[in-house]
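Working notes, beginning with the structure itself.
Number of protein chains: 2
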Amino acid sequence: MNSIRASKTVYGQLIRNIRLVSTTSKKPSKVLTLDTMHPLIKNVEYAVRGAVPIRAEALSKQLQTDPSKLNFDKVVFCNIGNPQQLNQKPITFFRQVASLCENPELLKPENRQLVSKLYPSDAIRRAELLLNKIGSIGAYSHSKGIPFIRENVAKFIERRDGYKANPDDIFLTQGASEGVQKVLQMLTEHNKTGIMIPIPQYPLYSATLSLVDAKPVPYFLKEEEDWGLNRKDLERSLQEARSKGIDVRALVIINPGNPTGQCLSEENMRDIIDFCHTERIVLLADEVYQTNIYQPERRPFHSFKKVLKSMGAEYQEQELFSFHSISKGMIGECGRRGGYFECVNIDPDIMDQLYKISSVSLCPNIHGQIMVDLMTNPPVEGDVSYPQYKAEVDAIYESLRRRAIKLASCFNKLEGVTCNNAEGAMYLFPRIRLPEKAIKEAEKAGMPADAFYSLAMLDATGVCVVPGSGFGQEPGTYHFRSTFLPEEHLFDQFCSKLEAFHNDFMKKYRD
Amino acid sequence: MNSIRASKTVYGQLIRNIRLVSTTSKKPSKVLTLDTMHPLIKNVEYAVRGAVPIRAEALSKQLQTDPSKLNFDKVVFCNIGNPQQLNQKPITFFRQVASLCENPELLKPENRQLVSKLYPSDAIRRAELLLNKIGSIGAYSHSKGIPFIRENVAKFIERRDGYKANPDDIFLTQGASEGVQKVLQMLTEHNKTGIMIPIPQYPLYSATLSLVDAKPVPYFLKEEEDWGLNRKDLERSLQEARSKGIDVRALVIINPGNPTGQCLSEENMRDIIDFCHTERIVLLADEVYQTNIYQPERRPFHSFKKVLKSMGAEYQEQELFSFHSISKGMIGECGRRGGYFECVNIDPDIMDQLYKISSVSLCPNIHGQIMVDLMTNPPVEGDVSYPQYKAEVDAIYESLRRRAIKLASCFNKLEGVTCNNAEGAMYLFPRIRLPEKAIKEAEKAGMPADAFYSLAMLDATGVCVVPGSGFGQEPGTYHFRSTFLPEEHLFDQFCSKLEAFHNDFMKKYRD
C-alpha cells in the first residue's frame with residue numbers, strides 16, 4: 001500500500017483523494033483507516049518521542065549503514081530522561097536482589113557457597129524475604145500490587161513525611177505514566193471536564209487529556225521567576241475556564257518541574273493547597289523527581305502530602321493523588337516500568353473503581369514492583385551493602401548536579417540564549433531568541449521555529465532535544481528541552497559541539 | 001467516610017440520599033465521587049477478579065488470622081490462569097538468561113569461572129547476545145519493543161506458519177491484554193461501532209468495550225457442538241446488529257477458546273475468514289493458548305495468519321491482528337506482563353497511530369520483552385540446555401493434559417453437570433443444572449444462580465472459580481469456569497472435595 005504510506009505528502013494526498021472518490025464504484029481497500037479510527041487517538045501528540053526523536057532514530061540507523069554523509073559518529077538522545085541509555089550504571093544492590101529473585105535456584109543450599117562469593121549476604125537475605133512474601137515472581141499479583149511491597153511503600157512515605165500512610169491507599173503501577181493516565185481518566189466525567197496543567201508541561205498530560213476528551217486548562221509558569229507559579233495566575237486561569245463553561249476538577253503540579261526544573265517552596269505549596277481547597281479542586285502531584293534536588297538548602301523537596309497534613313483541620317479532606325516512579329532519581333530504572341501512586345482523602349468508592357479498572361490489566365509487572373520495594377527500602381547504615389550503595393547514589397547525584405550547572409552555563413554563554421539553573425529534575429529548558437530569517441525559514445518548512453532549530457541541531461551535532469513547542473510556552477517565545485544526562489567525561493565535548501552549532505546557526509540566519 | 005463505604009447497602013443508600021439532599025445548604029465533602037467520575041468506568045465488569053475472587057482474597061487473609069471458622073486450610077485460586085501461583089515451576093533456561101541480564105556483573109571475566117559453575121554456557125551466551133543488542137535493560141526501549149526481539153518474533157512466526165513476517169508489523173506489549181485494549185480502542189470510531197465477541201467470552205473484551213463505549217455484538221458458541229461456531233450464527237448476529245444501526249467493524253475469535261477450551265478446525269477458520277472478507281470486518285485473533293493443545297491429532301492449532309495466507313489472492317488484503325502472550329503455554333510467566341501482536345494488512349497510517357499511542361506509555365517493560373524473545377527463540381536440539389528445556393516443557397504439557405481429562409471426568413460424574421473435554425487452553429466450563437430452590441435462594445440474595453453456587457463452593461472447599469454469568473452464556477443455562485491448574489499430586493483430593501461439595505449442595509437444595 002505505497003499510496004497510503006505516501007499520503008503524508010502532497011502527492012500522496014492527491015492519490016488519496018482519487019482513492020476516496022473511486023469508492024463510490026469500488027469498495028475502499030481497508031476497513032480501519034485514518035477516517036474510521038478512534039477520532040481522539042488522532043489528536044494525541046507526544047513530542048518527547050515526536051518528529052525530532054523519530055528523525056534521530058532514523059539517523060541512528062543510518063550511522064550503522066551509511067555513516068559517511070553524517071556530521072557526527074553518535075546520536076546523543078537528550079530528548080528523554082533515560083539515564084541508563086546514556087550509560088548510567090544501575091545501583092548494584094538493586095540488581096543483585098532482582099537477579100536472585102529471577103533465579104531462585106541460586107538460593108538453594110547446594111549453591112549457597114558459590115553464590116555467597118558472588119552476592120553480599122544482605123542481597124541474599126532480601127531476595128529470600130521478597131520471594132517468601134511474593135511466592136513466585138512469575139505469577140500475577142494482587143492488582144493493586146503485592147501487599148508486602150505496599151506496606152513498605154507506606155513506611156517509606158511515613159519516614160519521608162512524618163505522617164501516617166495506609167498501604168491500602170497505595171496502587172503500584174507500570175511507571176508513573178500509567179497511574180497518571182488512570183487517574184486523569186477517572187476524573188473525566190464529560191468533555192467539559194477541565195484539568196489544570198502547567199505550561200510548559202510534560203506532554204503525557206496533554207496527550208492523556210486528548211485521549212480521554214477532557215479540556216486542558218493551562219496556567220503559565222513564570223520563566224523570569226525561576227519557573228515559579230503564583231496563585232493569581234491559577235485563579236485567572238480557573239475563572240477564564242469557568243467562564244467558558246468548563247467544569248474544572250483537578251490541578252496538576254509537577255514538582256520538581258518537568259521540563260522546567262523548578263522546586264516549589266513550602267509557602268507556595270500551602271497557597272496551592274488552599275487554592276484547591278477553596279475552589280474544590282483535586283490535586284495531582286507528579287513528584288517523580290523528588291530526589292533530583294540540586295539546591296537542597298535553598299529549595300529542599302517537600303511532598304504535597306506532608307504540607308497538606310501540616311495544615312489546619314479544614315484542609316484535611318482535600319483530595320490528593322501523589323505519583324512516584326523508579327525511572328528517575330539516582331535509580332533510573334526506566335525499562336522496568338515501575339511506580340506507585342498514593343490516594344489521600346479519596347472517596348472509598350473511587351478507590352474500589354480504581355481497583356476494578358486495575359484488575360482488567362491483571363497486575364503491574366512484578367519486576368517493577370520489586371524495584372519499588374528496593375527504592376523505598378534501600379540498604380541502611382550497618383548493612384553490608386550500605387557503603388557501596390551510598391557511594392553509588394552519591395556519585396550519580398554529585399555528577400548530575402555538576403552537569404546541570406555546566407550545561408546551564410554553556411547555554412547562558414550562547415548568543416540570545418538564557419537558561420534558568422535546575423533546582424530539580426533532569427532537564428534544562430533554555431529560551432532561544434531566533435533571528436527573523438530563521439523564523440521565516442521555519443514557517444516555509446511548515447514547522448515551529450524551535451522545531452526547525454532542534455532539527456538543525458540534530459543534523460549538525462547528532463544531539464536530539466525536544467522543541468519547546470512540544471511542551472507549550474508563552475506565545476512568541478522559543479525554547480527546547482535537553483536532559484543533562486550525557487556522560488560526564490564527554491560533557492566538555494558535548495557543550496562545545498552545541499556551542500559551535502549555535503554559532504553557525506546564528507551566523508547563517510542573522511538578520 | 002464510613003457513610004460512603006456503606007453506600008452499597010440499603011442503609012448506606014439512605015444515608016447517601018440524605019447527604020445529597022443536604023448539599024443544597026452544604027458543600028458535598030468530595031469532588032471525585034461515583035456521581036462525578038468517568039461514567040464508562042462505572043459500567044466496566046471484570047468477573048475473573050470480581051465478587052467471588054474478592055471474597056476468596058478475604059478468606060485467604062482470614063486463614064492467616066482466624067482459620068478456626070473455615071472449612072479448609074487453603075484457598076485454591078482456580079479463577080485465573082496463573083500457573084506459577086499454583087507452584088508450576090518456571091522454565092529453568094528462561095530464568096537463567098533473565099537473571100544474567102539483570103546482573104551483568106556476573107558476565108565479567110573475573111566472575112566467569114564461578115558463574116560457569118552455576119549457569120550453562122548457552123544461557124551465558126544468550127544473555128551476552130541480548131545485552132549486546134539491548135544495551136541496558138534499565139533503559140526505555142523503542143516504543144514498539146526492542147528491534148532485535150521483534151526480528152526474532154518475526155522469524156518465529158515464519159517458522160510456525162511457513163509465511164513471511166515483518167518485524168515492523170510487530171508490537172511488543174505488556175501482556176496480550178494491553179494489545180487487545182489498544183486495538184479495540186483504535187477500532188472504535190463512535191458509540192455505534194460494533195465488535196463481535198463470542199459468548200461465552202473472556203471478560204477482557206466486554207470490559208474494554210464498555211470502557212471505550214463500543215457495542216459488543218455477541219455470537220453464541222454451541223456447547224453441544226464442542227463449543228464450535230458456525231457461519232450462520234455469525235451472519236445472524238451481524239444482521240441483527242446492523243438492523244439496529246450498529247456499524248460492525250471487527251470480529252474477535254479466541255482460539256483456543258477461553259473459557260470454553262475449543263480449538264477450531266482449519267475448515268472452520270477459512271469460513272470465518274471468508275465471512276470477514278465478505279462483510280468487510282477486521283479479524284482479531286486471540287491466540288494466546290496456541291501451545292495449550294490437548295488433542296493435537298484431531299485438533300491441531302492453526303494460526304489465522306497461516307490459514308489466511310493459504311487462501312486465494314482475493315483474501316490477501318484481509319485485515320488481521322493476532323495476539324500472543326508469555327503468560328500461557330508451558331511458560332506461564334504471568335507476572336512479567338509480556339506479549340506481542342502482529343498486524344497483518346493493516347493500513348500504514350494506522351500502524352503509525354499505534355506507534356504514537358504506544359510511545360505515550362514509553363515502552364513495554366524490558367523483562368517481558370526478554371521473555372518474549374526466549375519464548376519465540378528457545379533452546380534447540382544440540383544446545384546444552386535443550387534436553388532440560390524439553391523435559392520441563394514436556395512434563396508440564398503432559399501433566400496439564402492429564403489434569404484436563406481428570407477434571408472433566410470429575411465434573412461429568414456430578415449430578416446434573418455436563419462438561420466438554422478441553423481441546424485447548426487452561427479451563428473447563430461445565431454446565432450445571434441447579435435445583436429451582438437454589439435458583440430462588442440466589443434470586444433472594446440478589447445474584448445469578450451460578451454466582452450463588454460458586455460462592456457456596458468457595459465457602460465449603462476454598463476453591464475459587466468464576467461464575468458463568470461473568471463470561472455470558474445462553475439464557476437459562478448456568479456454568480462456571482475452573483482452571484485445571486492445581487498441582488497434580490493434590491488433584492485427587494481436589495476432585496473429591498468438589499464432589500463432596502456438589503453432593504451436599506444438591507441435597508440441600510433438591511426440589
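Listed in order, the protein sequences are those of chains S and L. Numbering-wise, the first sequence is residues 1 to 511 according to the UniProt record's numbering. Numbering-wise, the second sequence is residues 1 to 511 according to the UniProt record's numbering. Even glycine gets a Cβ: it sits at the ideal position worked out from N, Cα and C.
| Query | Result |
| --- | --- |
| Local Cβ density within 10 Å of Ser409 (chain S), reported as buried at 16 or more and exposed below that | exposed |
| Ala214 (chain S) to Leu221 (chain L) span [Cα, whole Å] | 39 Å |
| Simplified DSSP assignment, three categories, for Tyr74 (chain S) | Here the sequence assigns Lys to residue 74 (chain S), which means Tyr is not the residue at that position. Three-state DSSP puts Lys74 (chain S) in coil, outside helix and strand. |
| Assumed close pair Ala250 (chain S), Met196 (chain S) - CB separation to whole angstroms, cut-off 8 Å | 7 Å |
| Nearest-angstrom beta carbon gap, Pro203 (chain L) and Gln471 (chain L) [assumed within contact, 8 Å] | It should be noted that the sequence gives Phe, not Gln, for residue 471 (chain L). Indeed, because the Cβ distance is near 6 Å, the residues count as touching under 8 Å. |
| beta-carbon Lys30 (chain L) near the ligand MN non-hydrogen atom, thresh 8 Å | Of the ligands one can find in the structure shown there are none, so the ligand MN has no counterpart to examine. |
| Completely contained beta strand (DSSP E) runs for the segment 458-490 of chain S, where each covers 3 or more residues | 480-483 |
| Backbone CA spacing between Ser121 (chain L) and Ala98 (chain S) [nearest angstrom] | 21 Å |
| Burial state of Ser322 (chain S), where buried means 16 or more other Cβ atoms lie within 10 Å | buried |
| Interface residues of the segment 392-407 of chain S facing chain L [CB-CB below 9 Å] | none |
| Stretch-stretch touch, CB-based, cutoff 8 Å, three pairs: the segment 290-303 of chain S with the segment 259-268 of chain S | yes |
| Sub-9 Å separation of Ile366 (chain L) and Ser29 (chain L) beta-carbons | no |
| Span separating the alpha-carbon of Leu70 (chain L) from that of Leu59 (chain L) | 8 Å |
| Residue from S:Leu209, S:Pro104 and S:Glu151 whose Cα sits closest to the Cα of Asn43 (chain S) | S:Leu209 |
| Classification of Gly446 (chain S) by the beta-carbon crowding that lies within 10 angstroms, buried from 16 upward | exposed |
| Per-residue DSSP class, three states only, for Phe501 (chain S) | helix |
| For Val252 (chain S) and Gln388 (chain L), the rounded distance between their alpha carbons | 53 Å |
| Alpha-carbon to alpha-carbon, Thr92 (chain S) and residue 522 (chain S) | The requested residue 522 (chain S) is not part of the displayed model; chain S covers only 1 to 511. |
| Integer-rounded CB distance, given that Ala56 (chain S) should sit under 8 Å from Cys464 (chain S) | 4 Å |
| Paired residues, beta bridge with Thr173 (chain L) - DSSP | L:Gly339 |
| Residues within the segment 336-350 of chain L neighbouring chain S, beta-carbon criterion of under 9 Å | Arg336, Arg337, Gly338, Asn345, Ile346, Asp347, Pro348, Asp349 and Ile350 |
| N-terminal and C-terminal residue of the alpha helix (DSSP H) that residue 600 (chain S) is part of | Since the first and last residues shown for chain S are 1 and 511, residue 600 (chain S) lies out of range. |
| Integer-rounded CB distance, given that Gly145 (chain L) should sit under 8 Å from Gln369 (chain L) | 6 Å |
| Own chain residues within Cβ distance below 6 Å of Val384 (chain S), not counting five before or after | Pro120, Ser121 and Asp122 |
| Three-pair Cβ contact test at 8 Å for the segment 327-339 of chain S versus the segment 347-361 of chain S | no |
| Environment of Asp349 (chain L) [buried if 16+ CB atoms lie within 10 Å] | buried |
| Cα-Cα separation between Ile346 (chain L) and Val183 (chain L), rounded to whole angstroms | 11 Å |
| Candidates L:His324, L:Tyr163 and L:Glu474: closest to Ala425 (chain L) by CA position | L:His324 |
| Alpha-carbon to alpha-carbon, Ala207 (chain S) and Glu297 (chain L) | 50 Å |
| For Asn503 (chain L) and residue 594 (chain L), the rounded distance between their alpha carbons | Coverage of chain L is limited to positions 1 through 511, which leaves residue 594 (chain L) absent and any answer about it impossible. |
| Between the CA atoms of Arg401 (chain L) and Tyr386 (chain S) - distance to the nearest angstrom | 49 Å |
| Below-9 Å beta-carbon distance, Thr33 (chain L) vs any chain S residue | yes |
| Inter-residue Cα distance where the pair is Gln113 (chain L) and Asp271 (chain L) | 58 Å |
| Contact with chain S by Gly382 (chain L), beta-carbon distance below 9 Å | no |
| Boundaries of the alpha helix (DSSP H) in which Val248 (chain S) is found, first to last residue | Val248 (chain S) -> not in any alpha helix (DSSP H); beta strand (DSSP E) instead, spanning Asp247 to Ile254. |
| Exposed unless 16 or more other CB atoms sit within 10 angstroms - verdict on Gln201 (chain L) | buried |
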